[in-house]
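Residue numbers for the sequence shown follow full-length UniProt numbering, so the first one is 1 and each next one is one higher. Let me begin by presenting the structure, written as structure tokens, before commenting on it.
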Amino acid sequence: MRLCVTFFIKTYEEAENTLHYMQMRKQIGVLYYEKLGVNQLFMKQDPEAITQFLTQTLAPLQTPRAQASELEETLRSYIYHSRSITKTAAALHIHQNTLYHRLTKIEELVQMNLNDWNDYLALSLAFHLQQFE
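Laid out in structure tokens, this is it:
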């Protein structure tokens, strides 16, 4: 009997968390908790902590310079294309050398190494979490 009660409590919490997630994203419809994937990790995070993480990670790319949005778009595409130079350059309609130049500039601005797994993960998560801002 105790196992049954524990199961219902867990199921209720998952449903509540899923509803909260859908409200944050302004989604309507049916969504299963299991389908939330990595988002399950951030559902109970303090919104201020997430905002601080985003600011620390992406703020250097959001400078008022005209080039800033171009660099952010480049980094987003690079991450989306799993660090493939060929695919990223093609998607952005730029030469690969131009992409290398932009990536070097991005690394300087954010003070991270795109070949370092932890830095790459931090930037990937920042872009993912930015959707909820």
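For every residue, glycine included, the Cβ atom is placed at its ideal position computed from N, Cα and C.
What is the residue span of the alpha helix (DSSP H) that PHE53 lies within?
-> Locating residue 53 in the sequence shown gives position 53, counting from the first residue. Looking at the DSSP string, the run of the alpha helix (DSSP H) that includes PHE53 is 47-58.
Does the Cβ-Cβ distance between LYS87 and HIS81 come in under 7 Å?
-> Here residue 87 refers to the residue found at position 87 when the sequence shown is read from its first residue. Here residue 81 refers to the residue found at position 81 when the sequence shown is read from its first residue. Yes, the Cβ-Cβ distance between LYS87 and HIS81 is below 7 Å.
May I ask you to verify whether the stretch 99-119 touches the stretch 72-79, counting CB pairs closer than 8 Å and requiring at least 3?
-> yes
Can you tell which of PHE8, GLN40 and CYS4 has its C-alpha closest to the C-alpha of LEU19?
-> As a working note, residue 19 is residue 19 in the sequence shown. Looking at the Cα atoms, GLN40 is the closest of the given residues.
Is LYS44 helix, strand or coil by DSSP?
-> Against the sequence shown, residue 44 aligns to sequence position 44. Note: LYS44 maps to coil in three-state DSSP.
C-alpha gap between THR98 and ALA89, whole angstroms | As a position in the sequence shown, residue 98 is number 98, starting the count at 1. As a position in the sequence shown, residue 89 is number 89, starting the count at 1. Approximately 8 Å between the Cα atoms of the pair.
Which whole-angstrom value is the C-beta distance of LEU36 and GLN130, which I expect to be below 8 Å?
-> Locating residue 36 in the sequence shown gives position 36, counting from the first residue. Locating residue 130 in the sequence shown gives position 130, counting from the first residue. The pair is not a contact, with the Cβ atoms about 17 Å apart (cut-off 8 Å).
Between LEU61 and the rest of its own chain, which residues show a CB-CB distance below 8 Å, the 5 nearest in sequence each way excluded?
-> Walking along the sequence shown from the start, residue 61 turns up at place 61. Same-chain partners within the cutoff: ALA68, LEU71, GLU72, LEU75, ILE106, LEU109 and VAL110.
Can you tell which of LYS10, ASN17 and ALA59 has the C-alpha that lies nearest to the C-alpha of MET112?
-> Counting from one through the sequence shown, the residue named residue 112 turns up at place 112. Among LYS10, ASN17 and ALA59, the Cα nearest to that of MET112 belongs to ALA59.
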